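This report concerns only the one structure given below.
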Amino acid sequence: MECDFCFEDSVFSETRERTGQRGLPYIAKQREPEWFNEDLNPDDLVEVHTVLKFRADLSYRQEDFEKAFSEYSDCCALIPPANNAMRRDVQESQARCLMHLGRHKEALEIAEMLAKGVGNTDHLTGVLQLQANIHRHLENLHEEVTCLQQLISLHPFNPQFWLCLAQSYMSLCLDISNFKDPSQNNNRFSLCSWKSLGKQQCIGDVTQSIDFTVSRDDTLGYCNESDSSPSTVYTTKEELWIWSCACFIRARLLFQFIQPQHASFVLDNNLKTQEKIEKQLEKVGLLEEQKILIEEVRPKNPIYYWLYQSIP
0 MECDFCFEDS VFSETRERTG QRGLPYIAKQ REPEWFNEDL NPDDLVEVHT VLKFRADLSY
60 RQEDFEKAFS EYSDCCALIP PANNAMRRDV QESQARCLMH LGRHKEALEI AEMLAKGVGN
120 TDHLTGVLQL QANIHRHLEN LHEEVTCLQQ LISLHPFNPQ FWLCLAQSYM SLCLDISNFK
180 DPSQNNNRFS LCSWKSLGKQ QCIGDVTQSI DFTVSRDDTL GYCNESDSSP STVYTTKEEL
240 WIWSCACFIR ARLLFQFIQP QHASFVLDNN LKTQEKIEKQ LEKVGLLEEQ KILIEEVRPK
300 NPIYYWLYQS IP
């Protein structure tokens, strides 16, 4: 029985040797320090907006935020519409300049505009970090905590986010004692539920909002805005203290986990941060037995589970 196979003659022919010329070696362009402060070529728009960006970055580094904002604005006006990545970078830098200049409303407007154009996780992470920083400057602890919770839902193994959340919880715990009159509007604020964070698809999509109020006995209460029942569940300062300590320990465990991957100054920063966390835990009065109890069940990842069950 014959098989009807057909092959091209080229399959059996000898391969031709490729004698292409080798490419020229790559030579990196060398520049003098602060070369971007030299005269520009106005005909090259790419070079112009790149140089303006570098100039603005230097001004920001030197904390001349007014000058940096002006240079970022000039740069943003020259960026082509197709270069969305650089445009977002410059707009975020503009918002940070406005934040340092005390123009928080304008900074938040830019952050909201960036939020509408979120296209991937990196965009969302950048927007949430920007919003958290702005709210930190405004001392809006509830909004900052909400942003940090969403960041942790995106990056649960980032120790810096856990550390920032721990500090925010501790600040909130210390500020509760200042809330005396529950009838004042500034004593009511919303905070997203931890259990709803995993269901979020984009920024601002919080499936369950919790409205916090302050009672006369200096406790922080919360109730669902959609629930018309008059009952209110109260969260005490002690519970906020527990959440803060749990986040501190979570951050320290994550820093210890990534420690073998670090070297040089990165390792030094890691160890210094762990030391600061340890001092903070001693300062807030967490007993050694409590720390051991949390760390003993580390293989089952209890801290995240404990936070999930404990935090509303």
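Numbering-wise (numbering that gives the first Met the number 0), the sequence shown opens with residue 0 and increments by one.
Note that the Cβ used here is the ideal one computed from N, Cα and C, for glycine as well.
Treat the numbers as computed from the prediction; the structure is a model and nothing was measured.
- Query: Quick one: is residue 256 buried, meaning 16 or more other Cβ sit within 10 Å of its Cβ, or exposed?
  - Reply: If you number the sequence shown from 1, residue 256 lands on position 257. Classification of residue 256: exposed, given that the 10 Å Cβ count is below 16.
- Task: Mind checking which residues open and close the alpha helix (DSSP H) that includes residue 102?
- Result: The count along the sequence shown starts at 1 and reaches residue 102 at position 103. Premise fails: residue 102 is in no alpha helix (DSSP H) and is neither H nor E.
- Query: Quick one: what's got a C-beta closer than 6 Å to residue 251's C-beta in the same chain, skipping five residues either side?
  - Reply: Locating residue 251 in the sequence shown gives position 252, counting from the first residue. Answer for residue 251: 273 and 276, listed in chain order.
- Query: Among the residues of its own chain, which have a CB less than 8 Å from the CB of residue 41, if the five just before and after it don't count?
  - Reply: Locating residue 41 in the sequence shown gives position 42, counting from the first residue. The answer, listed in chain order, is 47.
- Query: Pick from 102, 163, 97 and 58: whose alpha carbon is nearest that of residue 128?
  - Reply: Reading the sequence shown from its first residue, position 129 is the one you call residue 128. Of the listed residues, the one whose Cα sits closest to residue 128 is 163.
- Query: Going straight from the alpha carbon of residue 264 to that of residue 271, what length do you get?
  - Reply: Numbered from 1 along the sequence shown, position 265 holds the residue referred to as residue 264. Numbered from 1 along the sequence shown, position 272 holds the residue referred to as residue 271. Rounded to the nearest angstrom, the two C-alpha atoms are 10 Å apart.
- Task: Compute the beta-carbon to beta-carbon distance between residue 52 and residue 89, rounded to the nearest angstrom, for a pair I have assumed lies under 8 Å.
- Result: Counting from one through the sequence shown, the residue named residue 52 turns up at place 53. Counting from one through the sequence shown, the residue named residue 89 turns up at place 90. Yes, they are in contact, since the Cβ atoms of residue 52 and residue 89 sit about 6 Å apart, within 8 Å.
- Query: Would DSSP call residue 276 helix, strand or coil?
  - Reply: As a first step, residue 276 must be located in the sequence shown, where it is residue number 277. In the structure shown, residue 276 sits in a helix (DSSP, three-state: H, G or I).
- Message: With three or more beta-carbon pairs closer than 8 Å as the criterion, would you say the region 28-36 touches the region 69-82?
- Response: no
- Roughly how many whole angstroms lie between the Cα atoms of residue 80 and residue 117? To locate residue 80, count along the sequence shown from 1; it is residue 81. To locate residue 117, count along the sequence shown from 1; it is residue 118. Spanning the two alpha carbons is a distance of roughly 16 Å.
- Just tell me which of 147, 84 and 119 has its CA closest to the CA of residue 130. The residue given as residue 130 occupies position 131 in the sequence shown. Ranking the options by Cα distance to residue 130, first place goes to 147.
- Message: Tell me which residues share the same chain as residue 292 and place their Cβ nearer than 6 Å to its Cβ, disregarding the 5 neighbours each side in the sequence.
- Response: Along the sequence shown, one-based indexing puts residue 292 at 293. Nothing listed; no residue qualifies.
- Task: Note down the Cα distance separating residue 170 from residue 82, rounded to an integer number of angstroms.
- Result: Translated into the one-based positions of the sequence shown, residue 170 becomes position 171. Translated into the one-based positions of the sequence shown, residue 82 becomes position 83. Near 40 Å, if we compare the C-alpha coordinates of residue 82 and residue 170.
- Message: Report the CB separation of residue 161 from residue 244 in whole angstroms; it is logged as a contact under 8 Å.
- Response: For the purposes of this step, residue 161 is taken as the residue at position 162 of the sequence shown. For the purposes of this step, residue 244 is taken as the residue at position 245 of the sequence shown. The pair is not a contact, with the Cβ atoms about 12 Å apart (cut-off 8 Å).
- Could you tell me if residue 145 is buried or exposed, where buried requires 16 or more neighbouring beta carbons within 10 angstroms of its beta carbon? Taking the first residue of the sequence shown as 1, we reach residue 145 at position 146. Its Cβ being crowded by 16 or more others within 10 Å, residue 145 is buried.
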